[in-house]
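See structure below.
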DNA sequence: GTTAGCACTCGGCGTCGAAGAGTGCTAACA
DNA sequence: TGTTAGCACTCTTCGACGCCGAGTGCTAAC
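Right, dumping it as structure tokens:
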């Protein structure tokens, strides 16, 4: 991991180019790099190095007489090897940046899914990119903590289940008017006994028999109730997708073309695609970065995705992703997600020295200091 | 209402101009109007009439040598007097337009708020404009149909309330670990007796005393539970706002300026503003049209809003609004909302001849036939 | 009251050329 | 051998210019 094909000077130049490009979104020329205070070579030297970097595939040129811009390979090397996460890992949002959201995250004691949604809003604001939150796990690995049937009116009841992470699902049940509240209570108690404590994926339809037998209520009457419970379970299995700050996409000049912007916004509305996009990355527990065409969704080739998955006691409770242009401020995004991770998992940000997220093992570049 | 300042020819010309402008979004000239099959005057005559209409404030000219475009006054006259709603009122979406959504609306037996949301999606697709759905009424006029406290785990419970329209609100409660399920049941039963059947607005905090007394549980222990119920009620009072098809805004050329589009999208994300916007119009039970600056939100001056409010047995359950450019296809939007109204309120669209929505009393223009 | 004709206005669009930024190459230098 | 100054070349950006067409208002004739 330490030995790679770039010598120290090339690394510094590559990092300088990418930093500059991320900031200004303009092809960066040799002169610009040369003028940086930490760069003591003439434009001509830089030019030679940049030509090399282009040949190696880290940089490209939009046209002959323009500066260089990073290629996907360049970005990948940047986030893997050059990104000085320590630059930003101590990142603490200002009071202004947090505004009321901080309080809401802290004081929120409700469902985990709510907290993740609120956190996603925070991330979007901190980074100025679009953020996508997924709560619950797509596989049915969450356990059911509680289950109850609530009588509403004759012929109508409500099935309620509470899952790990305190997320709540409910479903309105239409049933025979002859079923009284007492019968419902009996069924409810039976279902609760049978289902509570089990994982969502373990529940199967033939449990209807057991409920019917144990409660002494005819199968036909129990049916709609179990149906309602299954409806809840279906809802629990389809992860909640929440998109925050879609409008921020329009702020970035790479999407000033309305057609492009429209395409992106339409994709953002496709909950299924977004769920896939984010879930695909959530295998590991840490941060994952997908650059440009590394993510499989067509139309997102000019975008990067950074995701962070949050688990408590080994149970995945949600994932927050940031979606932005390939030319995104990776350090800031990583820092924001890391900050939020500490909040969500209850770690005090002042306690232990924060672990570096797994995406990267730092090479020994020491002098990469962020500009601005 | 029959006598107004425009003679028949002026009306026809005005309608023709607006119809054409709605379709092509280009200033329409006298020649264009003159060429229409139902218009038997020379361009010069039309020009004179158009000059009159401009003087009266119904039309404007972007610049000296361009055609005319409708002013807000012109649109207002159009929707009030010229719109031949019968053109479209028999509107029935094609199978393709409905796709799977129709089925979902029909078969949906769950919460009213879900059905309104789904209907809103349908409206957005049918019209190709952005649609905003509000479920529940902003005032607390809905009654509580059922209420229950569900024990989740030691120290944690869930408050659930079901409102008219079957919308469900819940809130996780943190409570003293010493409270067992039986105590909770007692409190739950008491709360249910006290609150069920009442309007949300009637519930007040001092009911905590009654609950405490009647259940024989100390005030301090009852407190968090009642708090949870109040949390539900708070949620019930703030109407659920759901925006659908925001990306469709970008399809309309008047928003091809990214700055404008961004402004609009940001407004769309402001749930409070959208709630106001839609609620403001929902006084009456029928359709309401707000043109351009008639709606008070700054930044929506170039937009129009059409809303339809849905009530069952006199209880307002939700409102669906369509937000689009001032130059919107009013007949289509009105027809789509009307179609959905019939669906949501359970009317069979083939039964009674559909009532015309209240917005308009037709003037006796008979020959206005839509083009294309 | 309606229409044909005509001069006039004004935005849209393509062309052209200057300006500027950046490159690659060569030759000189340490 | 690595670095740097100089220079010719390339390519985009941007404003100026001018033509074209659509549409108007006015006048005069029907």
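Chains as they are written, first to last, in the working numbering: chain A, -10 to 361; chain B, -10 to 361.
We put the CB at the ideal spot given by N, CA and C, even for glycine.
Practice item. Below 9 Å between beta carbons is the criterion; list the residues of the region 307 to 324 of chain B that meet it against any residue of chain A, in chain order. Key: none
Check your understanding: Near residue 362/A, what residues of its chain come up, given a Cβ to Cβ distance below 8 Å and the 5 sequence neighbours on each side ignored?
Key -> An answer regarding residue 362/A cannot be provided, because it is not within the stretch -10 to 361 covered by chain A.
Check your understanding: Among residues of its own chain, excluding the 5 on either side of residue 157/A, which ones have a beta-carbon nearer than 8 Å to its beta-carbon?
Key -> 100, 149, 150, 151
**Study point:** Endpoints, alpha helix (DSSP H) assigned at residue 332/B
**Key:** 319 to 333
Point to revise | Beta-carbon proximity check, residue 133/A vs residue 52/A, cutoff 8 Å | key: no
Point to revise | Spatial distance of residue 326/B from residue 112/B (CA atoms) | key: 7 Å
Point to revise | Contact set for residue 16/B: own chain, Cβ-Cβ below 8 Å, skip 5 residues either direction | key: 10, 50, 51, 55, 56, 57, 58
**Study point:** Simplified DSSP state of residue 266/B, which is helix, strand or coil
**Key:** helix
Point to revise | Proximal residues of chain A, C-beta to C-beta of residue 255/B below 8 Å | key: 236
**Study point:** Exposure label - residue 334/A; buried when at least 16 CB within 10 Å
**Key:** exposed
Exercise for review: Scan the region 199 to 227 of chain B for residues whose Cβ lies nearer than 7 Å to a Cβ of chain A and list them as they occur along the chain.
Suggested key: none
Practice item. Please report how far the alpha carbon of residue 254/A lies from the alpha carbon of residue 71/B, in whole angstroms. Key: 36 Å
Check your understanding: So, is the C-beta of residue 157/A closer than 8 Å to a C-beta in chain B?
Key -> yes
Practice item. Could you give the DSSP three-state label for residue 50/B: helix, strand or coil? Key: coil
**Study point:** Same chain, Cβ closer than 6 Å to residue 18/B, neighbours up to 5 away in sequence not counted
**Key:** 56
**Study point:** Opposing strand residues paired with residue 233/B [DSSP bridges]
**Key:** 120/B
**Study point:** Integer Cβ distance of residue 299/A from residue 310/A, believed to fall under 8 Å
**Key:** Rounded, the Cβ-Cβ distance is 12 Å, inconsistent with contact.
Practice item. Output yes or no for whether 8 Å exceeds the beta carbon distance between residue 39/A and residue -6/A. Key: no
Practice item. Specify the secondary structure class of residue -5/B as computed by DSSP and reduced to three states. Key: coil
**Study point:** residue 302/B: contacting residues in chain A (beta-carbon distance under 7 Å)
**Key:** What residue 302/B touches in chain A: nothing, since even the nearest Cβ is about 14 Å away.
Check your understanding: Of all the options 14/B, 69/B, 21/B, which has the alpha carbon lying nearest to the alpha carbon of residue 320/B?
Key -> 69/B
Point to revise | For residue 22/B and residue 5/B, the rounded distance between their alpha carbons | key: 7 Å
**Study point:** Residue burial classification, residue 29/B (beta-carbon count within 10 angstroms, cutoff 16)
**Key:** exposed
Review point. Using CA coordinates, which residue listed in 203/A, 297/A, 250/A is at the minimum distance from residue 277/A?
Key: 297/A
Check your understanding: Where do the ends of the alpha helix (DSSP H) carrying residue 179/A lie?
Key -> 170 to 184
Practice item. Determine the contact status of residue 164/A and residue 215/A, defining contact as a CB-CB distance below 8 Å. Key: no
Practice item. Spatial neighbours of residue 203/B within its chain, please: CB distance less than 7 Å, with the 5 preceding and 5 following residues excluded, ordered by chain position. Key: 179
Check your understanding: Anyone know if the C-beta pair for residue 168/A and residue 210/A falls short of 8 Å?
Key -> yes
Check your understanding: Checking contacts by CB at 8 Å: is residue 251/A closer than that to chain B?
Key -> yes
Review point. Among 118/B, 136/B, 227/B, which one has its Cα closest to the Cα of residue 146/A?
Key: 136/B
Point to revise | Interface residues of the region 133 to 150 of chain B facing chain A [CB-CB below 7 Å] | key: 134, 135, 137, 139, 140, 141, 142, 147, 149
Exercise for review: Tell me, to the nearest whole angstrom, how far the beta carbon of residue 121/B is from that of residue 312/B; I am working on the premise that it is less than 8 Å.
Suggested key: 6 Å
Practice item. Please determine if the region 234 to 247 of chain A and the region 279 to 287 of chain A are in contact, where contact requires at least 3 C-beta pairs separated by less than 8 Å. Key: no
Practice item. List the residues of chain B that residue 365/A touches, going by C-beta distances under 8 Å, in chain order. Key: No answer is possible for residue 365/A: the residues shown for chain A start at -10 and end at 361.
Exercise for review: Per DSSP, which residues does residue 142/B bridge with? Please list them.
Suggested key: 145/B
Check your understanding: With DSSP run on the structure shown, which of helix, strand or coil describes residue 302/A?
Key -> coil
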